[in-house]
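Enquirer: Once you've had a glance at the structure underneath, I'll fire off some questions.
Number of protein chains: 2
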Amino acid sequence: MKEIAGGVCAPKGFLAGGIRCGIKASATKRDLGLIYSEAPCTAAAMFTSNKVKAASVLVSREHLAETGGILRAVIANSGNANACTGEAGLSAARLMTRLAAVKLSAKHSITITDNEVAVASTGVIGVPFPVGAVESGMDALIASMTDAGHDAALEAIMTTDVRKKDGAVELAIGGTTVCIGGMTKGAGMIHPNMATMLCFITTDAAISRDCLDRALRHCVRRSFNRLTVDGDTSTNDTVILMANGLAGNPPITAPGPEYDRFTEALLSLCVKLTRAMARDGEGASRLVTITVRGAAEEAAAETLAKSVAASSLVKAACFGADANWGRVLCALGYAGVDLDPGTVDVSFACADGEIPVCRGGVPVPFSEEDAKRILSGEEIEIRITVGKGPGEATAWGCDLTYEYVKINGDYRS
Amino acid sequence: MKEIAGGVCAPKGFLAGGIRCGIKASATKRDLGLIYSEAPCTAAAMFTSNKVKAASVLVSREHLAETGGILRAVIANSGNANACTGEAGLSAARLMTRLAAVKLSAKHSITITDNEVAVASTGVIGVPFPVGAVESGMDALIASMTDAGHDAALEAIMTTDVRKKDGAVELAIGGTTVCIGGMTKGAGMIHPNMATMLCFITTDAAISRDCLDRALRHCVRRSFNRLTVDGDTSTNDTVILMANGLAGNPPITAPGPEYDRFTEALLSLCVKLTRAMARDGEGASRLVTITVRGAAEEAAAETLAKSVAASSLVKAACFGADANWGRVLCALGYAGVDLDPGTVDVSFACADGEIPVCRGGVPVPFSEEDAKRILSGEEIEIRITVGKGPGEATAWGCDLTYEYVKINGDYRS
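Chains as they are written, first to last, in numbering that gives the first Met the number 0: chain A, 0 to 412; chain B, 0 to 412.
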């Protein structure tokens with residue numbers, strides 16, 4: 000497996016595009032994107048666990064259930080979440096998939112049904128969805144589609160995101176090179192199960208629905224669901240993985256070495272996107288990685304790591320490059336997992352080094368100056384050992400800054 | 000029942016005092032306080048649910064178990080949490096209670112045992128406790144005790160608190176006037192079960208241990224445990240309620256009208272202290288009250304109200320006086336309680352008026368200008384109806400401001 004350049008258009012047979020249709024007030028920012036596969040795709044998807052679900056989430060879930068997991072395209076917008084918008088919102092989401100299906104069918108002289116198109120939205124909640132803007136922009140959107148349209152489609156789903164978050168990997172399956180590419184949007188309202196995020200992943204691998212679904216769940220649990228920016232789980236979270244089989248590899252249809260290698264490559268891409276989202280968390284100045292080892296089992300390690308990642312006080316200390324490890328112990332203590340404080344070790348680390356600050360639940364002497372230097376980097380790590388068990392997990396987050404408060408104090412304006 | 004002036008010294012027979020002994024680096028701030036009852040007290044207490052418990056919490060819990068709930072005094076300090084301090088921390092906490100017991104016994108020519116003294120600490124975690132400072136300050140502390148020492152004792156437990164949070168109420172029990180007084184400390188690391196808070200409540204009522212304990216649990220659940228400042232549950236949370244019986248009322252020994260009236264008065268005081276803590280939340284510019292009605296039961300309403308109070312995005316919107324009610328719906332949706340978004344109403348309110356913003360889960364037109372005015376006050380309310388059930392609950396929180404990040408970016412320095 001190796002990382003390669005590109006994103007959702009890196010695998011064979013995927014086109015993408017993006018335009019400004021007027022959902023956002025901005026006169027320049029793109030707000031409508033489309034990803035299309037030249038061949039029908041096996042698809043797997045995961046959606047928000049929030050009881051309040053956006054219209055786009057409800058419609059995409061319905062479509063995937065109707066087709067048993069077949070997709071041709073995903074249409075996505077920013078500037079309006081189409082959540083808490085009632086029946087009108089549902090009609091708008093359905094119309095978006097219908098427009099895409101009709102126009103793509105006409106352009107490619109094929110028949111794509113409405114339910115072979117998924118829809119995803121991000122932006123402000125509770126504002127009527129301006130579906131007229133989508134209608135009038137549809138021809139331009141179709142015209143924008145190319146096999147180099149990744150960037151335009153990605154821009155079209157960005158809101159408070161500052162950086163583009165994408166990537167691609169390739170690996171050999173049964174002697175054939177297959178590729179997986181992805182893009183993601185997400186900067187705030189991000190908390191596991193799932194992050195406020197839209198993520199679209201494409202692959203040209205031939206793989207069965209069951210295997211694709213299993214691989215996606217495995218990877219989302221160990222990447223996006225271990226990310227927290229602000230503890231808020233959004234109404235719109237969506238991860239869609241589409242596999243069109245155009246690589247021509249011997250199909251992956253059951254667990255085994257080829258499935259494992261595909262899943263490992265997919266996880267590597269998901270972790271890359273997760274880290275990019277943490278790094279681009281609203282207002283974030285640092286990516287914070289929390290590693291917990293020695294727990295009784297992986298689930299306990301996961302709960303502990305996520306509790307530390309989500310602590311406002313730990314996040315604020317990271318902003319201040321303050322080696323306040325007592326807050327780390329505190330966040331471990333309220334995670335709701337059995338914990339013996341007397342067996343907890345903590346150290347802070349960055350690429351340049353590591354400094355132990357707590358051993359067996361009590362302080363070890365350390366140089367405040369060295370700790371400050373280590374915590375001042377753009378990427379820092381909190382390494383925690385809680386005992387001698389086999390459970391390990393990594394979670395990702397970011398620091399809490401003035402800028403986060405500024406961004407979210409008046410998001411709608 | 001009526002509110003009266005004063006705090007823990009308002010009930011008969013309670014003395015308090017506070018001094019600077021040198022635990023804090025400050026040359027002027029008090030850091031050691033003591034509350035003492037001239038008669039033995041029946042006592043009830045609740046402590047943090049964090050698995051990492053401060054030495055003071057462990058020692059106080061042990062003492063109350065040993066005596067079956069008898070207390071004479073509470074010694075408390077700020078500037079050092081005495082948490083994650085190992086065996087040395089436990090010895091220091093025990094020594095604090097012993098010093099108080101010995102000095103109080105000598106001064107009042109009585110015998111007070113170590114375990115009739117509780118201890119509470121607040122401040123930085125994981126720094127060796129400077130017990131020598133307490134030893135050398137002990138005589139001055141005893142000398143400072145008066146029946147007007149409430150303010151000095153309260154100052155001695157304040158850390159990032161800006162305002163003093165105290166109060167007292169009186170009521171008649173069986174024709175006799177009894178009084179309940181309290182003080183609390185808490186501004187950050189505050190989240191239900193319990194807030195990072197120290198709270199000491201005194202009463203001269205005669206009341207059995209069982210009734211006192213039951214009343215305290217009833218009231219803490221509906222006050223302090225519905226408060227959130229930053230989602231972090233501390234290692235040191237302590238609420239101690241001491242009843243010395245000096246009012247001479249017919250003792251309350253079983254549930255009934257007198258028990259109910261005592262509990263109602265205690266709840267009123269606890270809610271007052273809770274609101275004061277929310278108002279004084281680290282960096283807070285507004286007290287935010289969240290009321291949920293129409294839930295299936297009280298516990299569901301409580302979970303929903305606390306989820307909204309804890310949402311960083313709701314808190315940041317309150318800071319910006321931004322009527323972003325979609326974030327309220329979102330926080331209700333991920334609370335983990337059954338919810339039909341189609342039956343949710345939301346309005347924003349202040350003392351001057353109320354403005355509905357969402358009805359049946361969808362927007363209602365409203366004046367942004369009016370909403371901005373309502374949300375710009377120092378005390379605002381988010382009123383939520385989720386259905387037609389009998390469950391109601393109120394939670395309290397505050398906005399998320401630049402100042403919170405500043406305070407917590409470098410707390411230790």
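Using N, Cα and C, we set each Cβ at its ideal position, and we do this for glycine too.
I'd like to know whether the C-beta atoms of residue 96 of chain B and residue 58 of chain B end up nearer to each other than 8 Å.
Expert: Yes, they are a contact pair.
Enquirer: If you count every other CB in all the chains shown that lies within 10 Å of the CB of residue 389 of chain B, and 16 or more means buried, which is it?
Expert: So residue 389 of chain B ends up on the exposed side.
Enquirer: Would you check if there are 3 or more beta carbon pairs closer than 8 Å linking the segment 154-165 of chain B to the segment 373-387 of chain A?
Expert: Judged by Cβ distances under 8 Å, the segment 154-165 of chain B makes no contact with the segment 373-387 of chain A, as fewer than three pairs qualify.
Enquirer: Keeping to the same chain, check which residues put their C-beta closer than 7 Å to that of residue 191 of chain B; ignore five residues upstream and five downstream.
Expert: Low per-residue confidence applies at residue 191 of chain B: pLDDT is 41, beneath 50, and the placement is therefore not dependable, though the value from the model is reported in the following sentence. Answer for residue 191 of chain B: 224, 225, 226, 227, 305, listed in chain order.
Enquirer: Can you confirm whether residue 99 of chain A, when its beta carbon is compared against all beta carbons of chain B, has any partner nearer than 8 Å?
Expert: Cβ-Cβ to chain B under 8 Å: no for residue 99 of chain A.
Enquirer: For residue 199 of chain B, does the three-state DSSP call read helix, strand or coil?
Expert: Residue 199 of chain B: strand per DSSP, three-state reduction.
Enquirer: What residues in the segment 19-41 of chain A have a beta carbon less than 7 Å from any beta carbon of chain B?
Expert: Under the 7 Å Cβ criterion, the segment 19-41 of chain A contributes no residue.
Enquirer: Measure the alpha-carbon distance for residue 193 of chain A versus residue 48 of chain A and round it to whole angstroms.
Expert: In this prediction, residue 193 of chain A has a pLDDT of 38, which is less than 50 and means its spatial position is unreliable; what the coordinates show is noted afterwards. The straight-line gap from Cα to Cα measures roughly 7 Å.
Enquirer: Return the first residue and the last residue of the alpha helix (DSSP H) that residue 403 of chain A is part of.
Expert: Here the alpha helix (DSSP H) through residue 403 of chain A covers 401-408.
Enquirer: Confirm, please, whether the CB-CB distance from residue 35 of chain A to residue 63 of chain A is below 8 Å.
Expert: Contact: no.
Enquirer: Whole angstroms are fine: how far does the CA of residue 344 of chain B sit from the CA of residue 293 of chain B?
Expert: Whole-angstrom Cα-Cα distance: 10 Å.
Enquirer: At a Cβ threshold of 8 Å, is residue 369 of chain B touching chain A?
Expert: False, the Cβ-Cβ gap to chain A never drops below 8 Å.
Enquirer: Specify the secondary structure class of residue 35 of chain B as computed by DSSP and reduced to three states.
Expert: Residue 35 of chain B falls in the strand class under three-state DSSP.
Enquirer: Kindly list, in the order they appear in chain B, the residues whose Cβ is closer than 7 Å to that of residue 324 of chain A.
Expert: Here the neighbours are 125.
Enquirer: Which stretch, first to last residue, makes up the beta strand (DSSP E) that contains residue 176 of chain A?
Expert: Where residue 176 of chain A is concerned, the enclosing beta strand (DSSP E) stretches over 175-184.
Enquirer: Please confirm whether residue 362 of chain A has its beta-carbon closer than 8 Å to some beta-carbon of chain B.
Expert: Yes - at least one Cβ of chain B is within 8 Å of the one on residue 362 of chain A.
Enquirer: For residue 98 of chain A, report the span of its alpha helix (DSSP H) as first-last.
Expert: Its alpha helix (DSSP H) spans residues 85-107.
Enquirer: Using alpha carbons as the reference points, say which of B:354, B:322, B:346, B:271 lies closest to residue 395 of chain B.
Expert: It is B:271 whose Cα lies nearest to the Cα of residue 395 of chain B.
Enquirer: Have a look at the DSSP bridge pairing and note the partners of residue 50 of chain B.
Expert: Per DSSP, none; premise fails for residue 50 of chain B.
Enquirer: What does residue 49 of chain A touch in chain B if you count any residue whose Cβ is under 7 Å from its own?
Expert: 329, 332, 333, listed in chain order.
Enquirer: Starting from residue 233 of chain B, find everything on chain A with Cβ-Cβ shorter than 7 Å and list it in chain order.
Expert: 329, listed in chain order.
Enquirer: Let me see if you follow: with CB-CB separation under 8 Å, is residue 146 of chain A close to chain B or not?
Expert: Not closer than 8 Å to any Cβ of chain B, the Cβ of residue 146 of chain A fails to qualify, so no.
Enquirer: Identify whether residue 9 of chain B lies in helix, strand or coil by the three-state DSSP scheme.
Expert: Three-state result, residue 9 of chain B: coil.
Enquirer: Check whether chain B comes within 8 Å of residue 321 of chain A, counting only Cβ atoms and requiring the distance to be less than that.
Expert: Yes, because at least one Cβ of chain B sits closer than 8 Å to the Cβ of residue 321 of chain A.
Enquirer: Can you pull out the residues from the segment 287-311 of chain A whose beta carbon lies closer than 7 Å to at least one beta carbon of chain B?
Expert: Listed by position, the residues of the segment 287-311 of chain A near chain B (Cβ gap below 7 Å) are 310, 311.
Enquirer: In chain B, what lies closer than 9 Å to residue 357 of chain A by C-beta?
Expert: Under the 9 Å cutoff, chain B gives 83, 125.
Enquirer: Pairs of beta-carbons, one from the segment 174-186 of chain B and one from the segment 0-20 of chain B, closer than 8 Å: are there three or more?
Expert: Flag = yes, the segment 174-186 of chain B and the segment 0-20 of chain B touch.
Enquirer: Can you give me the C-alpha to C-alpha distance between residue 156 of chain A and residue 5 of chain B, rounded to a whole angstrom?
Expert: Each residue's Cα considered, the two are about 57 Å apart.
Enquirer: Using C-beta distances below 8 Å, list every residue in its chain close to residue 333 of chain B, excluding the 5 sequence neighbours before and after it, in chain order.
Expert: Result list for residue 333 of chain B: 306, in chain order.
Enquirer: Residues in the same chain with beta-carbon distance under 8 Å from residue 138 of chain A, minus the five sequence neighbours each way, listed in chain order, please.
Expert: Excluding sequence neighbours, residue 138 of chain A sits near 102.
Enquirer: With the cut-off set at 8 Å, would you say residue 322 of chain B and residue 264 of chain B are in Cβ contact?
Expert: Against a cut-off of 8 Å, the Cβ pair of residue 264 of chain B and residue 322 of chain B comes out as no contact.
Enquirer: Are the C-beta of residue 404 of chain B and some C-beta of chain A separated by less than 8 Å?
Expert: Chain A, which has a Cβ nearer than 8 Å to the Cβ of residue 404 of chain B, makes this yes.
Enquirer: Mind pulling the chain A residues with CB within less than 9 Å of residue 76 of chain B?
Expert: What residue 76 of chain B touches in chain A: nothing, since even the nearest Cβ is about 16 Å away.
Enquirer: Along the segment 212-228 of chain A, where does the CB come closer than 8 Å to a CB of chain B? Name the residues.
Expert: Residues: none.
Enquirer: Does the Cβ of residue 256 of chain A have 16 or more other Cβ atoms within 10 Å, making it buried, or fewer, making it exposed?
Expert: Residue 256 of chain A is exposed by the Cβ-count criterion.
Enquirer: Rounded to the nearest angstrom, what separates residue 89 of chain B and residue 1 of chain B at their Cα positions?
Expert: The alpha-carbon atoms of residue 89 of chain B and residue 1 of chain B are separated by roughly 41 Å.
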